[in-house]
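Trainee:
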Ligand code: NAI
Ligand code: MG
């Protein structure tokens, strides 16, 4: 393959970094795969070569797990919480110091606009480390007074939260750096060590992060980073007996495989999976902000968000106006190469995703849906898909039931904000997020209470914060990412009881 022309738009230092074979991080060293294999990473805007990356498999995963165990039993197990927190904080600082470089890498590798990665992906990643650094010194047990078996004061009981151990973490390509931060920061705060398997589509920003982890003073082996494919490196990590816990973000289909692999030894699992989130606009909503919010709700990150507001429900009397407003916004979105400052939406991440999303569009139109805008494939290089709004859908269509993971909205009118609406909104195997738009505070909260989802946004969408727990009901996952809630993914609780008399 020839080298992507988009790379010309980045500084020489980064071009130089990309031109060298990128290695994996095991036990504090940058190494080739034991097999010697490499794979090509593509620029999704040009379909050209971006970098060659070491291709990890079971043998490399095994070495990484051993290194993580050694670090857990060694320096990382002995470091003070305060010193641990300072290193984690320093990682956040270094991410901000490398803001442009990381945003450029993210744009080239994933296809997303540089301007977006610069204000969203990279600062949010830094914030995750900054936020989590504070928890390192605040992971506390409790004194628990006993009643049943003891006379008061006869026993002293307390709990000790302990790191769960070596964690295997598998992440996707939609927010490559941010997903690495969501996984690594809490694992480090709780005192765990990690083997991170990055997505084969987008390994680059996490490899750059690996360099920053070393610069921050993280001891060797505390974090090991393996680029490689799901069926080989990912599956080996999920099944490795030396891993105490698996944390996975990706498709619900692979989430089920992870559970099977981990169930053999009953290893702990947390999962952040797919979604088909309802976004409900009531007749009394501020229409302009609801239209803007619903547009961003589906088209942000090209629809490649597990929490995308992909099923829009609009009260009948304003349906046409809202659907037309979103379609008009969609038409204004400028598609282009992520490194172009005018670009508002880049390509999808890969040829596989491009084919998948176009397949959904074809199926939807064949089943009778109508595209208010978009819908047809684009015949240009790069994996671009036009933002699409589908109407005249019915609840059994594939485009309504399945996660598309592209810039495709299905919009449906409803009559009243009644139980039928709630049932329709909850008529999905997923339960990750939802939106409600209304000026009636009581009504909005009543709906929020009835939606089966881990996140509900009222009069907003896509509001994320390191302090807010995020995760899924139903087949959207197990456990929560971020906030205090994520700490329990990485801790065991020990109850210690002493007889005093
Ligand atoms: P995927 O679930 O296959 O990939 C996510 C991660 O899992 C990658 O690192 C991959 O290498 C790894 N993986 C794949 N197979 C594995 C296995 N057998 N064992 C262990 N690890 C494995 O997702 P994919 O194929 O990239 O996308 C398919 C669909 O999944 C998308 O269209 C979208 O609907 C959904 N998805 C959801 C995401 C989310 O954030 N919840 C992120 C990415 C995809
Ligand atoms: Mg897959």
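In the working numbering, the protein residues as written are 7 to 507. Ideal Cβ placement from N, Cα and C applies to all residues, glycine included. Since the structure is predicted, the reported quantities are computational estimates derived from the model, not experimental observations.
Assuming residue 276 and residue 485 are in contact, meaning their beta carbons sit under 8 Å apart, how far apart are those beta carbons, in whole angstroms?
Mentor: Right, their Cβ atoms sit about 3 Å apart.
Trainee: Rounded to whole angstroms, what's the CA-CA distance from residue 407 to residue 282? Just pull it up for me.
Mentor: The straight-line gap from Cα to Cα measures roughly 7 Å.
Trainee: Is there at least one non-hydrogen atom of the ligand MG closer than 7 Å to the beta-carbon of residue 257?
Mentor: Checking every heavy atom of the ligand MG against the Cβ of residue 257, one is found closer than 7 Å.
Trainee: Using only alpha-carbon positions, find the residue among 403, 159, 43, 341 that is nearest to residue 235.
Mentor: It is 43 whose Cα lies nearest to the Cα of residue 235.
Trainee: Less than 7 Å between the CB of residue 280 and some heavy atom of the ligand MG, yes or no?
Mentor: Residue 280 Cβ: outside cutoff for every heavy atom of the ligand MG.
Trainee: Rounded to whole angstroms, what is the Cα-Cα separation between residue 305 and residue 343?
Mentor: So the two alpha carbons sit approximately 16 Å from each other.
Trainee: Which whole-angstrom value is the C-beta distance of residue 24 and residue 13, which I expect to be below 8 Å?
Mentor: Right, the Cβ-Cβ distance comes to about 6 Å (below 8 Å), so this counts as a contact.
Trainee: Can you tell me whether residue 137 is helix, strand or coil according to DSSP?
Mentor: DSSP places residue 137 in helix when its eight states are reduced to three.
Trainee: In this structure, does DSSP put residue 1 in helix, strand or coil?
Mentor: The chain is shown from 7 up to 507; residue 1 falls before or after that span and cannot be answered.
Trainee: Identify whether residue 161 lies in helix, strand or coil by the three-state DSSP scheme.
Mentor: Here residue 161 sits in strand by DSSP.
Trainee: Under a three-way DSSP split, which group does residue 254 fall into?
Mentor: In the structure shown, residue 254 sits in a strand (DSSP, three-state: E or B).
Trainee: For residue 271, name the three-state secondary structure that DSSP assigns.
Mentor: Coil, per DSSP.
Trainee: Are there any heavy atoms of the ligand MG lying less than 7 Å away from the beta-carbon of residue 365, as far as the coordinates show?
Mentor: No, since every heavy atom of the ligand MG falls outside the 7 Å radius drawn around the Cβ of residue 365.
Trainee: Do the region 172-179 and the region 143-159 meet, that is, are 3 or more Cβ pairs less than 8 Å apart?
Mentor: These segments do not touch.
Trainee: Can you grab the Cα-Cα spacing for the pair residue 409 / residue 152, in whole Å?
Mentor: One C-alpha to the other measures close to 49 Å.
Trainee: Taking 7 Å as the cut-off, does the CB of residue 236 come closer than this to any heavy atom belonging to the ligand MG?
Mentor: Result yes, Cβ under 7 Å from the ligand MG.
Trainee: For residue 260, is the beta carbon positioned less than 7 Å from some heavy atom of the ligand MG?
Mentor: Yes, the Cβ of residue 260 comes within 7 Å of a heavy atom of the ligand MG.
Trainee: Cα separation between residue 430 and residue 498?
Mentor: The alpha-carbon atoms of residue 430 and residue 498 are separated by roughly 39 Å.
Trainee: Contact check, residue 204 vs residue 187 under 8 Å by CB: the rounded distance?
Mentor: That belief does not hold up - the Cβ atoms of residue 204 and residue 187 are roughly 12 Å apart, past 8 Å.
Trainee: Under 8 Å, with one C-beta from each stretch per pair, do the region 233-249 and the region 388-403 reach the 3-pair mark?
Mentor: Too few Cβ pairs lie closer than 8 Å, so no.
Trainee: Determine the contact status of residue 184 and residue 130, defining contact as a CB-CB distance below 8 Å.
Mentor: Contact flag set, yes.
Trainee: Can you tell me whether residue 332 is helix, strand or coil according to DSSP?
Mentor: If DSSP states are grouped into helix, strand and coil, residue 332 belongs with the helices.
Trainee: Residue 133: buried (16+ other C-beta within 10 angstroms of its C-beta) or exposed?
Mentor: Flag for residue 133 reads buried.
Trainee: Can you tell me which of the three DSSP states residue 316 falls into?
Mentor: Coil.
Trainee: Judging by CA-CA distance, which residue of 466, 461, 252 is the nearest neighbour of residue 474?
Mentor: Among 466, 461, 252, the Cα nearest to that of residue 474 is on 461.
Trainee: Grab me the residues of residue 505's own chain with a C-beta within less than 8 Å of its C-beta, minus the 5 sequence neighbours each way, in chain order.
Mentor: The residues are 160, 161.
Trainee: Under the three-state reduction of DSSP, which class applies to residue 221: helix, strand or coil?
Mentor: In the structure shown, residue 221 sits in a helix (DSSP, three-state: H, G or I).
Trainee: Taking only the alpha-carbon atoms, compute the straight-line gap between residue 468 and residue 284 and give it to the nearest angstrom.
Mentor: Residue 468 and residue 284: Cα-Cα distance of roughly 13 Å.
Trainee: Going by DSSP, name the residue or residues bridged to residue 30.
Mentor: In DSSP, residue 30 forms a bridge with 37.
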